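What follows is a single structure, written as structure tokens, with notes after it.
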Amino acid sequence: MVPQDFVNEGRIVLNLSPSAVVGLELGNEWISFSARFNGNPEDVHLPAAAVLGIYGKESNQGMLFPDETETAAEHPDDEPDPPASGNRPALRVVK
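Here it is in structure tokens:
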């Protein structure tokens, strides 16, 4: 959860610099840390998939991540072609 008082149009910008957060944990599924919002300590937990982008404050350069739900909906048949049947594999067991 993120502090809802700072959410604007369903989005929030978070400063994850070492001087702004404590106990930052970046996982494949979840991001969690403690930070102060208007002086009040808050524990923040959010799914990694909810991150829309990242940028460096020093350079104002960054990148946006593609929306995985839109990508999956646009290309539902993007599965790899099955291997051709009838062809024998070119590898063999060596003992």
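Basically the working numbering = 1-based index in the sequence shown + 931.
Just so you know, even glycine gets a beta-carbon here, dropped at the ideal spot from N, CA and C.
What you are looking at is a predicted structure, and each value in this text was computed from that prediction instead of being measured.
On a Cα-Cα basis, can you pick out the residue from the options that is closest to residue i?
{"i": "V952", "options": "A980, V938, G970 and R942", "result": "G970"}
{"i": "E960", "options": "V933, H976 and I985", "result": "H976"}
{"i": "V944", "options": "D998, P997, A981 and S990", "result": "A981"}
{"i": "L947", "options": "N991, N939, E940 and E956", "result": "E956"}
{"i": "S950", "options": "N991, S990 and S965", "result": "S965"}
Under DSSP, the beta strand (DSSP E) around residue i begins and ends at which residues?
{"i": "F964", "result": "W961 to F968"}
{"i": "G941", "result": "Counting along the chain, G941 falls outside any beta strand (DSSP E), and DSSP gives it neither H nor E."}
{"i": "N971", "result": "N971 to P978"}
{"i": "E956", "result": "V952 to L957"}
By the three-class DSSP mapping on this structure, what secondary structure does residue i have?
{"i": "D998", "result": "coil"}
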